[in-house]
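Protein chains in written order, with the working numbering: chain E, 1319 to 1526; chain A, 1319 to 1526.
Shown next, in structure tokens, is the structure this report addresses.
2 protein chains.
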Amino acid sequence: MTTASDRRTAILESAARVIARRGVRGLRVEELAAEAGVSTALIYYHFKDRAGVLRRTLEFINDRAERYTTGGEPGAEPQESPKPREPLEPLEPRQELERALLLELQDDELVRENSTAWGELRASAVFEPDLRHDLAKASLTWVQAVADLLGQVQPMAPAGTLALAAERLTALLEGLSMRWLSGILPLAHARALMREAIAVELERLEHP
Amino acid sequence: MTTASDRRTAILESAARVIARRGVRGLRVEELAAEAGVSTALIYYHFKDRAGVLRRTLEFINDRAERYTTGGEPGAEPQESPKPREPLEPLEPRQELERALLLELQDDELVRENSTAWGELRASAVFEPDLRHDLAKASLTWVQAVADLLGQVQPMAPAGTLALAAERLTALLEGLSMRWLSGILPLAHARALMREAIAVELERLEHP
DNA sequence: GTCTATATCAGGATAGAC
DNA sequence: GTCTATCCTGATATAGAC
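Dropping the structure here:
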């Protein structure tokens, strides 16, 4: 049985796919409807207008990324049970850090989808102030998470220093991700650069 | 007297402005025409179609950035004489490096315009393979320039290492630039992060 | 809640005069 | 080379039946 709420979710999943394929600018309500197997009217019914779709999709992607980045707190709905993804056994802090940062640089379909959509939304936010709020919030959470991981590797480092390193690493990740997605940097190379950057930053934290 | 070639250039300048204001997705041929003070038909006459405008604008921005990044080789046309911009007296290598990398993080109108348009084109390239070629070329030149500057500061470092550091620094710059332009990172903070990253990389090059 | 059908309109593109 | 006028497609959004 397919409830209305399921349908909403299905539409959002489709939206993420379409955005990953065509970009925010390329998202056509009609194509989205086709992808989700519903009529365009239904989309307007649920999301008011095209902008509404974008806003909701941003939130949706945000949640989903948070889940797979952190290893999915049991707090959230257990939906999407099909793919448990990586076992995520507790790792050494250092490995945990690498995993988190390299997660966005993978050729996994879902990850690529998220990264692409994410990059698009980030880029769109330059011109659409409506998106900034969510974007800033997500960005902050993400930086904080990385700062925490850095802190676990280098417990002696002061919080401020950790935060700065985290900002650099996440900004770098975004830059690399963009280059990868736009095809000017091979994935493996991007990953190597990221790993090296982590090493550089950790060294810096150790010998200030 | 206004030659046809001048007009072409004027249109491209306008295009850069419009892209900076509305984004690539937001560029309307009609608005561009208004901005440049010409008819839409003329734009199609000169650039074939909207995509043509984008391609040419990318090149245009590319050249312009190259000029102000490198301090303007006399090789290029001396056009645009009005603004000599910063005197650009020869600096210490280290300062030269900082200047080059921080140049994109400035609230100068022209720089902001270039950065924004650049970010847009980069983002667009994810979905429009036509743009990738120019993008890759520009990216390469830019990375190479930074690698050279790094080499001037640390002449003992091997070329490969320099290249990697340059890739990280430029990718970071792009990430920071995006965050700045989308309003989630204050300019001053972005600049501070960039400076620190330069310091970290240089240290790394010195004590491998 | 969901669909079919359609109104509406913005914006890319062209014809043809000058 | 440049303009005025106009065509026409493609995309958002709504009306109304079920």
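Note that beta-carbon positions come from the ideal geometry of N, C-alpha and C, so glycine has one too.
Same chain only: Cβ atoms within 8 Å of Glu1395/E, ignoring 5 sequence neighbours per side: Model confidence at Glu1395/E stands at a pLDDT of 45, short of 50, so the residue's coordinates are unreliable; what they give is reported in the following sentence. Taken in chain order, the list of residues that qualify is empty.
For Pro1447/E, which three-state DSSP category applies? helix
Alpha-carbon spacing of Gln1472/A relative to Glu1414/E, whole angstroms: 33 Å
Could you name the residues of chain A that Ile1502/E contacts, counting a contact when the two beta carbons are closer than 7 Å? Arg1450, Leu1453, Ala1454 and Ser1457
DSSP state of Asp1381/E, grouped into three classes? helix
Figure out for me which residue from Leu1487/E, Pro1411/E, Leu1439/E and Ala1352/E has the closest Cα to the Cα of Trp1460/E. Leu1487/E
Compute the Euclidean distance between the alpha carbons of Thr1320/E and Asn1432/E, then round it to the nearest angstrom. 25 Å
Taking beta-carbon pairs under 9 Å, can you tell me which members of the region 1422-1438 of chain E lie near chain A? Thr1434, Gly1437 and Glu1438
Within 10 angstroms of its Cβ, does Gly1370/E collect 16 or more other Cβ (buried), or is it exposed? exposed
Residue burial classification, Gly1478/A (beta-carbon count within 10 angstroms, cutoff 16): exposed
Per DSSP, what kind of secondary structure is Arg1346/A in: helix, strand or coil? coil
Measuring only the C-alpha atoms, how far is Gly1393/E from Leu1330/E? The predicted position of Gly1393/E is uncertain, since its pLDDT is 41 and thus under 50; a value taken from the coordinates is nonetheless stated next. If I take the Cα positions, the gap works out to 21 Å.
Ordered along the chain, which non-local residues of its own chain (more than five positions away) have a Cβ less than 7 Å from that of Leu1499/A? Ser1433, Thr1434 and Gly1437
Determine the closest residue to Leu1421/E out of Tyr1363/E, Ala1443/E, Arg1440/E and Tyr1386/E, with distance taken between C-alpha atoms. Tyr1386/E
Specify the secondary structure class of Thr1479/A as computed by DSSP and reduced to three states. helix
Relative to chain A, which residues along the region 1343-1357 of chain E have a C-beta separation below 8 Å, given in chain order? Arg1343 and Gly1344
Spell out whether any CB of chain E is found under 8 Å from the CB atom of Val1444/A. yes
Tell me whether the region 1490-1506 of chain E and the region 1344-1360 of chain A touch, counting them as touching only if at least three CB pairs, one residue from each stretch, are closer than 8 Å. no
Reduced DSSP category for Glu1414/E - H, G, I as helix; E, B as strand; rest coil: helix
Going by other Cβ atoms of all chains shown within 10 Å of its Cβ, with 16 needed for buried, is Ser1282/E buried or exposed? Here chain E covers residues 1319 to 1526 and nothing more, so residue 1282/E does not appear.
Please list, in chain order, the chain E residues whose beta carbon lies closer than 9 Å to that of Gly1478/A. What Gly1478/A touches in chain E: nothing, since even the nearest Cβ is about 12 Å away.
Candidates Leu1458/A, Arg1440/A, Ala1456/A and Glu1524/A: closest to Glu1492/E by CA position: Arg1440/A
Between Ala1333/E, Val1444/E and Leu1520/E, which has its C-alpha nearest Arg1374/E's C-alpha? Ala1333/E
Taking the alpha-carbon positions, what's the Gln1462/A to Leu1449/A distance? 20 Å
Contact set for Ala1383/A: own chain, Cβ-Cβ below 6 Å, skip 5 residues either direction: Asn1432
Given that a residue counts as buried once 16 or more other Cβ atoms are within 10 Å of its Cβ, and exposed if not, what is Ser1357/E? exposed
Taking Ile1516/A as part of the alpha helix (DSSP H), name the residues at either end of that continuous run. Leu1505 to Glu1524
Helix or strand or just coil, what does DSSP make of Ile1502/A? coil
Leaving aside the five residues before and after Leu1453/A along the sequence, list all residues of the same chain whose C-beta is less than 7 Å from its C-beta, in chain order. Leu1439, Arg1440 and Ala1443
To which residues of the same chain is Ile1379/A closer than 8 Å at the C-beta, ignoring the five residues directly before and after it? Ala1334, Asn1432, Ala1435, Trp1436 and Leu1439
Does Glu1492/A have its Cβ less than 8 Å from a Cβ in chain E? yes
Could I get the ranges of all uninterrupted beta strand (DSSP E) runs contained in the region 1322-1372 of chain E, with 3 residues as the minimum, in chain order? none
Sequence-distant residues of the same chain with beta carbon closer than 7 Å to Ala1354/E, five excluded per side: Ala1328, Ile1329 and Ser1332
Met1496/E at chain A interface by Cβ criterion, 8 Å: yes
Within chain A, partners of Glu1485/E - CB distance below 7 Å: Leu1511
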